[in-house]
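Mapping the sequence shown onto the numbering used here, position 276 (from 1) lands on 260, and the numbers just tick up by one.
Ideal placement from N, C-alpha and C gives every residue a C-beta, glycine not left out.
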Amino acid sequence: MTALHAPPAADQVLARCTALVRPALREAVDRLHPWTAEMAAYSFGWCDVGGAPAAASGGKGVRQALAVLGARAAGADARAGIPAAVAVELVHTFSLLHDDIMDGDAMRRRRPAVWKAYGTGPAVLAGDALFALAVETLAALPQGAHAVRLLSAALTDLVRGQADDLLFTGRPYTGPDRVTAEEYRAMAEAKTGALLGCACALGAVLGGADEDTADALERAGRHLGIAFQLVDDVLGIWGDPAVTGKPAGGDLREGKKTYPVLAALASPAARALPELLDSPGRTREAAALIEAAGGRAATLAEARTRTAAARTLLTRAPLAAEAVEDLLTVLDFLVGREL
């Protein structure tokens, strides 16, 4: 099993971008009500419950890095992308706070999720505060109207994708009402790809990119988001809990219609799979059958297809070469966790 740690080059790119953005992100959070600011700081790993300083993991900062690199790709100084990076990171964290509540996930990055640490109502409030702060951050810019429209469109897609993901859980594994692979791809593009694409495009727009350039970056980010979600699906079934921070087979126990499951169900070799999936104590058997029926291989093949599409868009667009190299490094890390 491949570890989730970035290779040194990717670590360096991500660290450089997050170091650039962190002061502005902290300054934005400090403008919140002290209580919601503490919950936000906790979610970023900056403090413990009660506000004591901490150095917990706040994630790799991928979306903020994409925004900074989007500005550089457009030929601007990386600092031009900082407001975009702050906004997308705030929105991403808002979505995680709410997602953990909806999914009932008690842990996030090996610490109690915000709703477990502070309560459900406070966590919802903190998420709302982060969303409002993201809009405020962009609205204050000279390009504010355009930037807010881009973010709003991504948010609309994100909510649509999350709604579909929740609804998929209640649909059958087989029959005319089953979830199709096409529906899954649309869900993944909306739920995960929209904000990654927005990060790339928003940074580019603030860096002065024209519409075609921003569109190419946005589409590359969406392909990257689908590939990222596909790899996440693989790790959600076969990942090492010590590495992923999630229980093994958790997606199967929750009845999630992930791509490996859908791909395996299409194979005659998986006739017994629906029964296994409906038996919570048989997740290991289900995982083995999904792999034997080709579900894992099909998922990774689809991730490679999406990665190739993102690469094509990035290498053919009129972008700054050094920034494209860094974008490709981040792309390789995100989708190379299991490929």
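Cβ-based burial, residue i [other Cβ within 10 Å; buried from 16]
i	result
residue 220	buried
residue -14	Annotation note: pLDDT 40 at residue -14 (below 50); position unreliable, coordinate value reported separately. The residue is exposed, with fewer than 16 neighbouring Cβ atoms inside 10 Å.
residue 141	buried
residue 61	exposed
residue 17	exposed
residue 6	buried
residue 122	buried
residue -4	exposed
residue 23	buried
residue 159	exposed
residue 225	exposed
residue 259	exposed
residue 151	exposed
residue 88	exposed
residue 153	exposed
residue 217	buried
residue 252	exposed
residue 196	exposed
residue 194	exposed
residue 299	exposed
residue 309	exposed
residue 203	buried
Limits of the alpha helix (DSSP H) - the one that residue i falls within
i	result
residue 213	195 to 222
residue 235	234 to 237
residue 181	178 to 190
residue 267	267 to 276
residue 302	Per DSSP, residue 302 belongs to no alpha helix (DSSP H) and is neither H nor E.
Contact belief for residue i with residue j at Cβ below 8 Å, rounded distance in angstroms
i	j	result
residue 13	residue 21	5 Å
residue 168	residue 243	6 Å
residue 174	residue 144	5 Å
residue 177	residue 58	Actually they do not touch by this definition, with Cβ atoms about 20 Å apart.
residue 35	residue -2	The Cβ separation is near 27 Å, so there is no contact.
residue 42	residue 54	21 Å between Cβ atoms; not a contact.
residue 27	residue 77	5 Å
residue 72	residue 48	6 Å
residue 278	residue 247	6 Å
DSSP-derived helix/strand/coil call for residue i
i	result
residue 323	The pLDDT assigned to residue 323 is 48, lower than 50, so where the model puts this residue is not dependable, and the model offers no usable value.
residue 155	coil
residue 162	coil
residue 290	helix
residue 96	strand
residue 262	coil
residue 90	coil
residue 175	helix
residue -7	helix
residue 140	helix
residue 255	coil
residue 283	helix
residue 242	coil
residue 307	helix
residue 147	helix
residue 247	helix
residue -12	With a pLDDT of 49 at residue -12, under the threshold of 50, the modelled position of that residue is not reliable, and the figure given next carries that caveat. Note: residue -12 maps to coil in three-state DSSP.
Residue i beta carbon near the ligand SAM (any heavy atom closer than 7 Å)
i	result
residue 9	The ligand SAM is absent from the structure shown, which contains no ligand whatsoever.
*Please go through the region 3 to 82 and give each complete alpha helix (DSSP H) segment of 4 or more residues, from N-terminal end onward.*
Complete alpha helix (DSSP H) runs here, min 4: 18 to 27, 46 to 57.
*Whole beta strand (DSSP E) elements within the region 92 to 137, 3-residue minimum*: None, since the region 92 to 137 contains no complete beta strand (DSSP E) of that length.
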